[in-house]
Amino acid sequence: MEIFWYLLVVLVLGVFFVLDGYDFGTGIIHLFFAKKEKDKVVVAKAAGLFWDSNEVWLVAGGGMLFAAFPLLYAAAFSGFYLPLIMVLWMIVFRAVGLEFRGQFKYQMWKDFWDKAFGVSSLIIALLFGIALGNVARGVNLGGVVNGISTYEKYYFFLPLWNSSFSPTVENPGVIDWFTLTIGLISVVTLAMHGANWVILKTNASINEKLKIVVFKLNIVLLILAFFSLAIWHIINPNPFKNFLDKPYLFIFPTLFFGSVFGLFFVKKFKKESTAFFLSTLIILGGITSTLASMFPVVLPSTNSVNESLTIYNTAATTYGLQVGAVWGLIGITLIMIYFIIQKRLLGGKIDNMDYGH
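When the letters of the sequence shown are read in order and numbered with our numbering, they come out as residues 1378 to 1734.
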């Protein structure tokens, strides 16, 4: 049951990062490339019509994590309290920016909320990448100092950064040069994903320009991806053990790099959906490759005193997992029905659809 729930939680969170990922990416595109008022309105609409329904998947993922792996939920939400609060405020600020922009016609009012929408989207994309970097790097479980745990072995606290800004110390911060690299990969990936979404759903005047932007960002992503693989050996001396033991896991990095290379032909695609499909696979391939390299660990320990958190030592009881599986599948089915209806109602180009604010 632990593996079933692990796969279900990963699936739900993966869907969230794909769906709300294009929302975050749309905000980044809005911030840097939408200069004309008409483009600003249309690009904001490309996110505004979908963001609230997309974030249902985040709520569902958090609920499933709490139900299936309560110890992991408790440890992560206490140890990552400060960055999680930052993410929450950025999500709120971003939504307010979208909803408030059209309330008044004053240019200064519009400019302020445009910046709120764009900057908060950029920060969220960065923070989610940094979060994945923390999961890959690990944390000081138990708050070990000089070989002694200062609190229970499953819990930890991270400062935003430490004085060394290094990921190799026993008590690292949330932000260091490794997690920041993963954060930049997240920003680049979601910016590409958002650009592909804008091209797919709008007739904005910047669409052709965005194809060039996607091509250039794809080069940056490829460089950052190879760089992250090189420095991962510093964090984990044997990061490819799972892939060598189970060669079928290579499907995930193959999915990632194959999609990256495919996206270099973005300017030649006849269907606008092709580029969006490839950026979706990049997101899913990147997340699953990271998790596959760690499995069954879900949060590594940076010290040798306390063991890492795994899907087995953080899971609920077997009875709880079995009962939860029934209600979890019912919940997922309802979300899927809601998702399908909403996407059908908002199918095609959205330029002339009413957002309403």
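For each residue, glycine too, the CB sits at the ideal point set by N, CA and C.
Note that the structure is a prediction, hence the values are computed from the model and not measured.
Go ahead and pull the three-state DSSP assignment for residue i.
{"i": "Ile1525", "result": "strand"}
{"i": "Ser1543", "result": "coil"}
{"i": "Asn1613", "result": "coil"}
{"i": "His1536", "result": "The residue you asked about is not His; residue 1536 is Pro in the sequence shown. In the structure shown, Pro1536 sits in coil (DSSP, three-state: anything other than H, G, I, E or B)."}
{"i": "Thr1631", "result": "helix"}
{"i": "Gly1560", "result": "helix"}
{"i": "Gly1550", "result": "coil"}
{"i": "Gly1438", "result": "helix"}
{"i": "Glu1432", "result": "coil"}
{"i": "Lys1578", "result": "helix"}
{"i": "Asp1731", "result": "coil"}
{"i": "Met1713", "result": "helix"}
{"i": "Phe1638", "result": "helix"}
{"i": "Phe1555", "result": "helix"}
{"i": "Lys1645", "result": "helix"}
{"i": "Ile1405", "result": "helix"}
{"i": "Phe1457", "result": "coil"}
{"i": "Lys1588", "result": "helix"}
{"i": "Ile1468", "result": "helix"}
{"i": "Phe1410", "result": "coil"}
{"i": "Gly1725", "result": "coil"}
{"i": "Ile1583", "result": "coil"}
{"i": "Lys1492", "result": "helix"}
{"i": "Phe1381", "result": "helix"}
{"i": "Lys1530", "result": "coil"}
Compare the Cα-Cα distances from residue i to each of the options and report the closest residue.
{"i": "Gln1484", "options": "Ser1685, Lys1417, Leu1606 and Gly1404", "result": "Lys1417"}
{"i": "Tyr1715", "options": "Ala1652, Ile1659 and Val1433", "result": "Val1433"}
{"i": "Leu1723", "options": "Thr1651, Gly1571, Trp1428 and Val1464", "result": "Trp1428"}
{"i": "Asn1680", "options": "Lys1618, Trp1554, Asp1553 and Val1516", "result": "Val1516"}
{"i": "Phe1555", "options": "Trp1466, Asn1595 and Gly1506", "result": "Gly1506"}
{"i": "Phe1534", "options": "Ser1540, Thr1545, Val1546 and Gly1519", "result": "Gly1519"}
{"i": "Val1597", "options": "Val1565, Leu1686 and Lys1618", "result": "Val1565"}
{"i": "Phe1603", "options": "Thr1558, Lys1586, Ile1660 and Phe1629", "result": "Thr1558"}
{"i": "Ala1652", "options": "Leu1465, Leu1587 and Trp1466", "result": "Leu1587"}
{"i": "Trp1647", "options": "Leu1686, Leu1676, Glu1585 and Phe1634", "result": "Inspection of the sequence shows that residue 1647 is occupied by Lys rather than by Trp. Considering only alpha carbons, the answer is Glu1585."}
{"i": "Leu1408", "options": "Arg1471, Lys1618, Ser1541 and Thr1694", "result": "Arg1471"}
{"i": "Ile1707", "options": "Phe1654, Ala1437 and Ile1562", "result": "Ala1437"}
{"i": "Leu1626", "options": "Val1521, Ala1669, Ser1497 and Thr1694", "result": "Ala1669"}
{"i": "Thr1545", "options": "His1610, Tyr1528 and Ala1502", "result": "His1610"}
{"i": "Leu1435", "options": "Arg1721, Ile1712, Ile1718 and Asn1729", "result": "Ile1712"}
{"i": "Gly1439", "options": "Trp1490, Val1521, Val1387 and Phe1617", "result": "Val1387"}
{"i": "Lys1618", "options": "Thr1579, Lys1578, Met1671 and Tyr1399", "result": "Met1671"}
Per DSSP, residue i forms a beta bridge with which residues?
{"i": "Val1674", "result": "Thr1687"}
{"i": "Val1516", "result": "Ser1678"}
To the nearest angstrom, how far is it from the Cα of residue i to the Cα of residue j?
{"i": "Phe1692", "j": "Thr1667", "result": "Reading off the sequence shown, one finds Ala at residue 1692, where the question assumed Phe. Distance between the alpha carbons of Ala1692 and Thr1667: 20 Å."}
{"i": "Met1569", "j": "Ile1589", "result": "10 Å"}
{"i": "Gly1639", "j": "Ile1576", "result": "17 Å"}
{"i": "Glu1649", "j": "Leu1509", "result": "29 Å"}
{"i": "Leu1448", "j": "Leu1442", "result": "9 Å"}
{"i": "Val1591", "j": "Tyr1458", "result": "34 Å"}
{"i": "Glu1379", "j": "Asp1553", "result": "32 Å"}
{"i": "Pro1536", "j": "Gly1456", "result": "9 Å"}
{"i": "Lys1645", "j": "Glu1414", "result": "28 Å"}
{"i": "Leu1504", "j": "Phe1642", "result": "29 Å"}
{"i": "Ile1612", "j": "Tyr1532", "result": "21 Å"}
{"i": "Asn1595", "j": "Leu1606", "result": "17 Å"}
{"i": "Gly1524", "j": "Ser1678", "result": "13 Å"}
{"i": "Gly1425", "j": "Glu1476", "result": "8 Å"}
{"i": "Ala1453", "j": "Ala1513", "result": "13 Å"}
{"i": "Tyr1696", "j": "Ala1581", "result": "53 Å"}
{"i": "Gly1479", "j": "Asn1431", "result": "22 Å"}
{"i": "Ile1462", "j": "Ile1500", "result": "13 Å"}
{"i": "Ala1493", "j": "Asp1731", "result": "22 Å"}
{"i": "Val1674", "j": "Leu1686", "result": "6 Å"}
{"i": "Leu1599", "j": "Gly1635", "result": "11 Å"}
{"i": "Ala1421", "j": "Leu1567", "result": "16 Å"}
{"i": "Leu1658", "j": "Glu1684", "result": "33 Å"}
{"i": "Ser1656", "j": "Leu1385", "result": "22 Å"}
{"i": "Pro1630", "j": "Asn1511", "result": "19 Å"}
{"i": "Pro1460", "j": "Tyr1450", "result": "15 Å"}
{"i": "Thr1527", "j": "Val1521", "result": "6 Å"}
Would you say the beta carbon of residue i comes nearer than 6 Å to a heavy atom of the ligand PLP?
{"i": "Leu1435", "result": "This structure lacks the ligand PLP, and indeed carries no ligand of any kind."}
Indicate whether the contact test is met: 3 or more Cβ pairs, each with one atom in the region 1391-1402 and one in the region 1656-1665, closer than 8 Å. Touching, yes, given that three or more Cβ pairs across the two stretches are closer than 8 Å.
Counting Cβ pairs closer than 8 Å, one from the region 1398-1406 and one from the region 1559-1574, do we hit at least three? The region 1398-1406, when compared against the region 1559-1574, does touch it at the 8 Å Cβ threshold.
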